[in-house]
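Participant:
Protein chains: 4
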Amino acid sequence: MSSNTFGKLFAVTTFGESHGPAIGCVIDGCPPGITIAPEDFAHDLSRRATGKSRWTSQRREADVVEILSGVYQGKTTGTPVALLIRNTDARSRDYADIAETFRPGHADYTYWQKYGIRDPRGGGRASARETTMRVAAAVIAKRWLKEKFGIGVRGWLAQMDDIAPDLPAGAGIDFDVVESNPFFWPVAAQVPELEGRVNALRKAGDSCGARVDVVATGVPPGWGEPVYGKLDAEFASALMSINAVKGVEIGAGFASVSQKGSEHRDEMRLDGFASNHAGGILGGISSGQDILVSIALKPTSSIMLPGRSVNTAGDEVEVRTKGRHDPCVGIRATPIAEAMVALVLMDQALRHRAQCGDVGEVKPRIGRRQS
Amino acid sequence: MSSNTFGKLFAVTTFGESHGPAIGCVIDGCPPGITIAPEDFAHDLSRRATGKSRWTSQRREADVVEILSGVYQGKTTGTPVALLIRNTDARSRDYADIAETFRPGHADYTYWQKYGIRDPRGGGRASARETTMRVAAAVIAKRWLKEKFGIGVRGWLAQMDDIAPDLPAGAGIDFDVVESNPFFWPVAAQVPELEGRVNALRKAGDSCGARVDVVATGVPPGWGEPVYGKLDAEFASALMSINAVKGVEIGAGFASVSQKGSEHRDEMRLDGFASNHAGGILGGISSGQDILVSIALKPTSSIMLPGRSVNTAGDEVEVRTKGRHDPCVGIRATPIAEAMVALVLMDQALRHRAQCGDVGEVKPRIGRRQS
Amino acid sequence: MSSNTFGKLFAVTTFGESHGPAIGCVIDGCPPGITIAPEDFAHDLSRRATGKSRWTSQRREADVVEILSGVYQGKTTGTPVALLIRNTDARSRDYADIAETFRPGHADYTYWQKYGIRDPRGGGRASARETTMRVAAAVIAKRWLKEKFGIGVRGWLAQMDDIAPDLPAGAGIDFDVVESNPFFWPVAAQVPELEGRVNALRKAGDSCGARVDVVATGVPPGWGEPVYGKLDAEFASALMSINAVKGVEIGAGFASVSQKGSEHRDEMRLDGFASNHAGGILGGISSGQDILVSIALKPTSSIMLPGRSVNTAGDEVEVRTKGRHDPCVGIRATPIAEAMVALVLMDQALRHRAQCGDVGEVKPRIGRRQS
Amino acid sequence: MSSNTFGKLFAVTTFGESHGPAIGCVIDGCPPGITIAPEDFAHDLSRRATGKSRWTSQRREADVVEILSGVYQGKTTGTPVALLIRNTDARSRDYADIAETFRPGHADYTYWQKYGIRDPRGGGRASARETTMRVAAAVIAKRWLKEKFGIGVRGWLAQMDDIAPDLPAGAGIDFDVVESNPFFWPVAAQVPELEGRVNALRKAGDSCGARVDVVATGVPPGWGEPVYGKLDAEFASALMSINAVKGVEIGAGFASVSQKGSEHRDEMRLDGFASNHAGGILGGISSGQDILVSIALKPTSSIMLPGRSVNTAGDEVEVRTKGRHDPCVGIRATPIAEAMVALVLMDQALRHRAQCGDVGEVKPRIGRRQS
């Protein structure tokens, strides 16, 4: 219910500011018996981390996870799992001169209007630093989904600025390629072009937007709760809650607008669906096909090019953002988007089990010819 | 919490199937003292209704609202407001022959997989008939938002198939035009073209998709709850929960992907923001600008053109949808999208008041030069 | 979440005022496949109803249940089950002269302070008429608990005024006796004494309090969610929410205060617990023993003896309650208390299944020698 | 919603095991602008702490609070306030030999049945150590309630074993006396008797129960949400969720059973209520009178006297609890009960403000002659 909690049954409450002493989360409702150790978080946290390449912010955080509760002898016990990460590379002095200024495109003005007070250091609670704990919590969700159902959740950068992956129509994504470059880009040959674009933006003091796609494979049919807790509605909320996201699509998304019904509706055969414009969801419930979601991320607002704004004193001022920033926030968004998809699936799995039980599948379940 | 309830504090629980005896809703948490009468629902329900023109389904429902509770001497009392509408034009015989068949693009298969049982009459709970109660509940929300804050929530059809409004760049929407045609289209001269397109689709036994835009004006800065209850996250969830919606955008939406930071970030001056790519939301909190949201609706899946599918017996079958259907579900989606935007705003208004009080605005609040 | 909704997963939202057109409820999260028909509600509603004997209020309501949704071909479908009962014997004229007066011991003054408006007819929303829908919703819960787990939930009047059941120490309750008299009293020979007491109170224009005990048998070990969703905490909330309840006990209850640890703690043997001071709950989780809860109900405030009060004009006035009232509200409280116990168990069953699955019991489960 | 979260709007999520590395909480929904510093928690935490006198467990925890988030320059910012306390005096070796044994009267058996796994060190999550964070969170609630409304929440030990305070009928509580002895006892002259009783129990290897009373003064009329979120229902849930509590009373509580209506109903005059059997709550809403709640606490189950039980291997065993335990858990329960009352009031204050606004009081509000 509270706004810093995600999920109804697998409920993840996050806390912490960008430059406060620590960030953390509490996972309530976690099934007992899941094997988890502090080092299990390292892989995904590293994928999200800054400071690893020239293409992202240079802030370097160790992101060491301490498990404070809910795990005994290496297994979850069913009680709240609390995770803590100390902030170690916060440079609040970078923000001293903007404490009274509202940076354009940031939450400075709106937090101040809402609360009458704000923590200006590094964006405070509005910083993408918060997403670290989403990724951490999702490590547990991903593991459970994989072990219990064979579900996989994978994402990639599907557009950066006006650059799209140079892939043949209908080609699958090679995730080895995606994981081999800091852009999560599915075509290795294009990486130099991406590097060039980021360098050019940096030089110009500017930034660009991006699109991230995520696919969830192996999701059983029947997950999702009509009508306001629809699976796609929860993906939309989860993904739109990520910093800088301005749009969410399921399956064909906005392309549906100019489709015909005879084209969009996915015909069914005994060996599976004939297409997947629905993105694996019908009536808010998973169909057993691959689940396909996409997000649009706006260009970073923190850029060197000066911008006009106002301050708390009521003066018009010019803002030129210093500090360490990403030229394209979308580059690191892939693991975050994956995390939110995994958290939604985990929560819906428990909700489905609550209402409908684990009584096995309804027959006939159609095949997986194409998804 | 429950999945047929929308909103945390202004909590709307809907019930009812397309061809059951009735549909209804219970609004809990409604502020006391709001003037409301059964006839106040007629205008918006009529905008959403089928059977009024040749361009929508021919089902004709009177949609007479009975107020069962929560109103005394014409005013809300603070106790649950229950609204009831009897279904009067349900023709379940239309669906007898598809009780065992899964229509492509529909929720038939997924409901059956989830629950092991489904009400096949008119799509049961998955029918857009359910959205009637969203519109009804939003009548109360719209009134309160208008009377207390001067907020207006208005939508229009922004694309149908490949037809876009023929408006000069930067032109505003003339809502008198929007309300003067059954398409909610903002350019009167194009209405014959829309009619022609729908006629052609009907003749071909096919359907098309659509895009709906909604603007909320007059929303004070400060509404929205970071980080998972962000205003845009809740719009995303609310809008994606509408039948047939496959995408949601806030402000610039997917166009942000190929924007530069220097273009997207909205500069601020004392007389207002210089642009509104953000769509009136920064960091999940309203900025005081107009709120701009858009949705993509898929083409109707119920079409006369035959499609391949399977049935509960495990046979491959051919489906040819009979019954009364919309050739473009997006045509009637405008009042539904408005309703969901209003419900989100109402709920967030109460949530903001709970945490931050009614203590007045923080200064300086910048102007409204452009929104 | 909303205050007129009970339960997190088996979520019952009730609505309606004592003298409004109808009362009703919406049950969301109901498991699919439960057989239910309108006539199944009659038995428990009749047990709760007024007007059946001289010992309760003379208001006579038919309490005919209409199922508006969520049931198809006699079975629940997993979508919201809406139940409606029309009020037919409301006599609002009885209340005209108290619309401006706050009756002592009633919610008149507090509703008015909270909302600034109140429906004075029959107590409006604060009337025990609301509990009708709790009993109706619990009919479904009781059926599921019985069929799936063999759970039984039974209550009886355990004290009325200063009259206690004349039972030998350790004697069990004979529910045939309980159901054979309108007091739900477990000792048939005492019924004339109860009748005499009620007659004397009526003659004196006064009323008395009561105590109701409820036992739930067959509850598996492991239900309940520490730490704030403890099984006993939820019973406490559920039972205290019943009109007129002023106290709740689990197991030994207030007698624990003067017990020793060596006496209170229930020793365990392989064939079962040696005693049940805990009332079947340890650490907020069911132990597999019988669950024992008790409530105290205050004497009816609506009595013929005049009382001093104030009115909305700010005058001191004398109030003499007319209308049709129970001389002891506790007499009809037994089915209501049972209902709330059943609703808590149903909700916790689903919550347990969500987190821990249906994977079978942990061994060894100790026996049921004594509970 | 999640079970380790208390409150809907002032939502306190606690985590941590008795002998884990730390305990903590996250407070979401906290109003901005509340002044708070780490040292502000010391007073109430010290009142709850063990190891301060001979009459409680000898475990000595420093209970140093670290504020991890949500506070900037000494004031709450409206974002989640996370509090952390490291465990420093955990002696898990005390529990090694009971890891496989279910202690009678404890949650050992039920946690194991529920989760199939449990942390046996010091009772794990079921330990009263968890209540530390309730007291910490309530420090903020108490401050806000005091500063904004003048509300005070005070408790005392109202019975220990069969010893009741030797106070004249109708006498008020002298809280200077209550705070001057480790029993929170309101009669100084009886403290030696209490000491003697505890010494005798220790010598006998036994324990006893207790009763704690709490009064909240200054609560405005109008707080509380009918019908399932009634103020008294929430007190019942909050207090029953405290370890060892077996009963809750509001106002006259179980004494209501043998009262007459003419006695129980509190008459109203312009200068106030004539009595307070209701305990300050009518129809689930505060009346403006003092709020009076009482709880029964069972005797400590961890005693030196051997008890019969079973173990995970399915053997019958004899258990003799070692470790450091309270001879009467009720002695330290006073600040915990106060904390839960304060948390309920804080949450209901925000909920009332959400629905009904801060628009000021309804007239006439009757006086405070007697409460």
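Protein chains in written order, with my numbering: chain A, 1 to 371; chain B, 1 to 371; chain C, 1 to 371; chain D, 1 to 371. Positions of the beta carbon are idealized from the N, C-alpha and C atoms, including for glycine. Small disclaimer: the values here were computed from a predicted structure and weren't measured.
(1) Taking 9 angstroms as the cut-off, decide whether the C-beta atoms of R365 (chain D) and G288 (chain D) are in contact.
(2) Which stretch, first to last residue, makes up the beta strand (DSSP E) that contains E318 (chain A)?
(3) With DSSP as the reference, identify every bridge partner of D89 (chain C), one or two as the case may be.
(4) Nearest chain B C-beta to T79 (chain D) closer than 9 angstroms, yes or no?
(5) Which of helix, strand or coil does DSSP assign to Q259 (chain A)?
(6) Relative to the alpha-carbon of Q73 (chain B), which residue among C:R103, C:R60, C:T76 and C:P120 has its alpha-carbon at the smallest distance?
(7) Looking at the C-beta of S371 (chain A), does it have a partner C-beta in chain B at a distance below 9 angstroms?
(8) Apart from the five residues just before and just after Q370 (chain C), which ones in its own chain have a Cβ nearer than 6 angstroms to its Cβ?
(9) Hey, L45 (chain B) and D347 (chain B) are a contact pair by Cβ (cut 8 angstroms); roughly how many whole angstroms apart?
(10) Do A141 (chain C) and A339 (chain C) have their CB atoms nearer than 9 angstroms?
(11) Can you tell me which of C:G314, C:I303, C:R269 and C:G224 puts its alpha carbon nearest to the alpha carbon of G7 (chain C)?
(12) Can the beta-carbon of G152 (chain A) be found closer than 9 angstroms to that of G251 (chain A)?
(13) Would you mind giving the Cβ-Cβ distance between T101 (chain A) and V317 (chain A), rounded to the nearest angstrom? I have them listed as a contact below 8 angstroms.
(14) Report yes if the C-beta distance between Q159 (chain A) and A210 (chain A) is below 9 angstroms; otherwise report no.
(15) Quick check on Q370 (chain C): does DSSP put it in helix, strand or coil?
(16) Can you name, in chain order, every residue of its own chain whose Cβ lies under 6 angstroms from the Cβ of A90 (chain A), other than the five neighbours on each side?
(17) Which one of A:L83, A:L84, A:W55 and A:L345 has the shortest CA to CA distance from F184 (chain A)?
(18) Hey, how far is the Cα of D40 (chain D) from the Cα of V71 (chain D)?
(19) Keeping to the same chain, check which residues put their C-beta closer than 6 angstroms to that of G247 (chain B); ignore five residues upstream and five downstream.
(20) For S180 (chain C), count neighbouring C-beta atoms within 10 Å of its own C-beta (all shown protein chains included) and say buried if the count is 16 or more, exposed if not.
(21) Three-state secondary structure (DSSP) at G373 (chain A)?
(22) Does any residue of chain B have a CB that is nearer than 9 angstroms to the CB of Q355 (chain D)?
(23) A49 (chain C) to K75 (chain D), Cα distance in whole Å?
(24) What did DSSP end up calling K75 (chain B) once you bin it into helix, strand or coil?
(25) Measuring CB to CB, does I291 (chain A) end up less than 9 angstroms from H325 (chain A)?
(26) Quick check: the Cα distance between A216 (chain D) and G280 (chain D), rounded to an integer number of angstroms?
(27) Using a threshold of 9 angstroms, state whether the C-beta atoms of T5 (chain D) and D28 (chain A) are closer than that.
(28) By the three-class DSSP mapping on this structure, what secondary structure does I140 (chain D) have?
(29) Can you grab the Cα-Cα spacing for the pair G78 (chain A) / T35 (chain A), in whole Å?
(30) Whose C-alpha, out of D:S57, D:V135, D:A137 and D:E17, is nearest the C-alpha of R118 (chain D)?
(31) Would the beta-carbon of G122 (chain A) fall within 9 angstroms of that of L68 (chain D)?
(32) Can you pull the chain A residues whose beta carbon is under 7 angstroms from the beta carbon of L305 (chain B), in chain order?
(33) How many angstroms separate the CA atom of M268 (chain C) from the CA atom of A274 (chain C)?
(34) So with Cβ pairs under 9 angstroms, would you call L9 (chain B) a contact of chain D?
(35) Between the segment 147-164 of chain C and chain D, which residues of the former have CB atoms less than 7 angstroms from a CB of the latter, in chain order?
(36) Just to confirm, are I285 (chain D) and P221 (chain D) a CB contact at a threshold of 9 angstroms?
Facilitator: Based on what the coordinates show:
(1) Taking the first residue of the fourth sequence as 1, we reach residue 365 (chain D) at position 365. Taking the first residue of the fourth sequence as 1, we reach residue 288 (chain D) at position 288. Going by C-beta atoms, R365 (chain D) is nearer than 9 angstroms to G288 (chain D).
(2) The residue labelled residue 318 (chain A) in the question sits at position 318 within the first sequence. Here the beta strand (DSSP E) through E318 (chain A) covers E316 to V319.
(3) The count along the third sequence starts at 1 and reaches residue 89 (chain C) at position 89. DSSP, once it has assigned bridges, lists no residue as partnering D89 (chain C).
(4) Working through the fourth sequence from its first residue, we reach residue 79 (chain D) at position 79. True, the Cβ-Cβ gap to chain B drops below 9 angstroms.
(5) Along the first sequence, read from residue 1 onward, the residue named residue 259 (chain A) stands at position 259. The answer is coil: DSSP assigns Q259 (chain A) none of H, G, I, E or B.
(6) Position 73 of the second sequence, counted from the first residue, corresponds to residue 73 (chain B). Considering only alpha carbons, the answer is C:P120.
(7) Looking up residue 371 (chain A) in the first sequence gives position 371. Here the model assigns S371 (chain A) a pLDDT of 41, short of 50, so the residue's position is not dependable, and the following value carries that caveat. With 9 angstroms as the cut-off, S371 (chain A) does not count as an interface residue toward chain B.
(8) As a first step, residue 370 (chain C) must be located in the third sequence, where it is residue number 370. Any reading at Q370 (chain C) must be qualified, since the residue scores a pLDDT of 41, below 50, and its modelled position is unreliable; the value itself is stated next. So the list reads G272, once near-sequence residues are dropped.
(9) Residue numbering aside, residue 45 (chain B) sits at position 45 when the second sequence is read from its first letter. Residue numbering aside, residue 347 (chain B) sits at position 347 when the second sequence is read from its first letter. Not a contact, Cβ separation roughly 21 angstroms.
(10) Taking the third sequence and counting its residues from 1, one reaches residue 141 (chain C) at position 141. Taking the third sequence and counting its residues from 1, one reaches residue 339 (chain C) at position 339. Yes, Cβ-Cβ distance for A141 (chain C) and A339 (chain C) is below 9 angstroms.
(11) The residue labelled residue 7 (chain C) in the question sits at position 7 within the third sequence. When each option's Cα is compared against that of G7 (chain C), the closest is C:G224.
(12) Here residue 152 (chain A) refers to the residue found at position 152 of the first sequence. Here residue 251 (chain A) refers to the residue found at position 251 of the first sequence. No, Cβ-Cβ distance for G152 (chain A) and G251 (chain A) is not below 9 angstroms.
(13) For the purposes of this step, residue 101 (chain A) is identified with residue 101 of the first sequence, where counting begins at 1. For the purposes of this step, residue 317 (chain A) is identified with residue 317 of the first sequence, where counting begins at 1. That pair is a contact at about 6 angstroms.
(14) For the purposes of this step, residue 159 (chain A) is taken as residue 159 along the first sequence, with counting starting at 1. For the purposes of this step, residue 210 (chain A) is taken as residue 210 along the first sequence, with counting starting at 1. In this structure, A210 (chain A) lies closer than 9 angstroms to Q159 (chain A) by Cβ.
(15) Numbered from 1 along the third sequence, position 370 holds the residue referred to as residue 370 (chain C). Residue placement at Q370 (chain C) is flagged as unreliable, the pLDDT there being 41, under the threshold of 50; a coordinate-derived value is accordingly withheld.
(16) Working through the first sequence from its first residue, we reach residue 90 (chain A) at position 90. The answer, listed in chain order, is H19.
(17) Walking along the first sequence from the start, residue 184 (chain A) turns up at place 184. Comparing Cα positions, the closest option is A:W55.
(18) Taking the first residue of the fourth sequence as 1, we reach residue 40 (chain D) at position 40. Taking the first residue of the fourth sequence as 1, we reach residue 71 (chain D) at position 71. The straight-line gap from Cα to Cα measures roughly 13 angstroms.
(19) Here residue 247 (chain B) refers to the residue found at position 247 when the second sequence is read from its first residue. Answer for G247 (chain B): A296, listed in chain order.
(20) Against the third sequence, residue 180 (chain C) aligns to sequence position 180. That one is exposed.
(21) Absent from the model: residue 373 (chain A). The displayed extent of chain A is 1 to 371, so no value can be given.
(22) Residue mapping note: residue 355 (chain D) aligns to position 355 of the fourth sequence, counting from 1. Judged by the 9 angstroms Cβ criterion, Q355 (chain D) is in contact with chain B.
(23) As a working mapping, residue 49 (chain C) is identified with position 49 in the third sequence. As a working mapping, residue 75 (chain D) is identified with position 75 in the fourth sequence. Answer to the nearest angstrom: the Cα atoms are 55 angstroms apart.
(24) For the purposes of this step, residue 75 (chain B) is identified with residue 75 of the second sequence, where counting begins at 1. K75 (chain B): strand per DSSP, three-state reduction.
(25) Start at 1 with the first residue of the first sequence, and residue 291 (chain A) comes out as number 291. Start at 1 with the first residue of the first sequence, and residue 325 (chain A) comes out as number 325. Taking 9 angstroms as the Cβ cut-off, I291 (chain A) and H325 (chain A) do not qualify as a contacting pair.
(26) Along the fourth sequence, one-based indexing puts residue 216 (chain D) at 216. Along the fourth sequence, one-based indexing puts residue 280 (chain D) at 280. Each residue's alpha carbon lies about 9 angstroms from the other.
(27) What you label residue 5 (chain D) is simply residue 5 of the fourth sequence in a count that begins at 1. What you label residue 28 (chain A) is simply residue 28 of the first sequence in a count that begins at 1. Contact flag set, yes.
(28) Stepping through the fourth sequence from its first residue, residue 140 (chain D) is reached at position 140. In the structure shown, I140 (chain D) sits in a helix (DSSP, three-state: H, G or I).
(29) On the first sequence, position 78 is the one that residue 78 (chain A) refers to. On the first sequence, position 35 is the one that residue 35 (chain A) refers to. Each residue's alpha carbon lies about 12 angstroms from the other.
(30) As a first step, residue 118 (chain D) is located in the fourth sequence; it is residue number 118 there, counting from the start. The option with the nearest alpha carbon to R118 (chain D) is D:E17.
(31) Taking the first sequence and counting its residues from 1, the one referred to as residue 122 (chain A) is at position 122. Taking the fourth sequence and counting its residues from 1, the one referred to as residue 68 (chain D) is at position 68. No, Cβ-Cβ distance for G122 (chain A) and L68 (chain D) is not below 9 angstroms.
(32) Residue mapping note: residue 305 (chain B) aligns to position 305 of the second sequence, counting from 1. Those within 7 angstroms of L305 (chain B) in chain A are S262.
(33) Within the third sequence, residue 268 (chain C) is the residue found at index 268, counting from 1. Within the third sequence, residue 274 (chain C) is the residue found at index 274, counting from 1. C-alpha separation (whole angstroms): 6 angstroms.
(34) Mapped onto the second sequence, residue 9 (chain B) falls at position 9. Taking Cβ atoms only, chain D reaches closer than 9 angstroms to L9 (chain B), which makes this a yes.
(35) Q159, D161 and D162
(36) Looking up residue 285 (chain D) in the fourth sequence gives position 285. Looking up residue 221 (chain D) in the fourth sequence gives position 221. Their beta carbons are under 9 angstroms apart, which means I285 (chain D) touches P221 (chain D) by this criterion.
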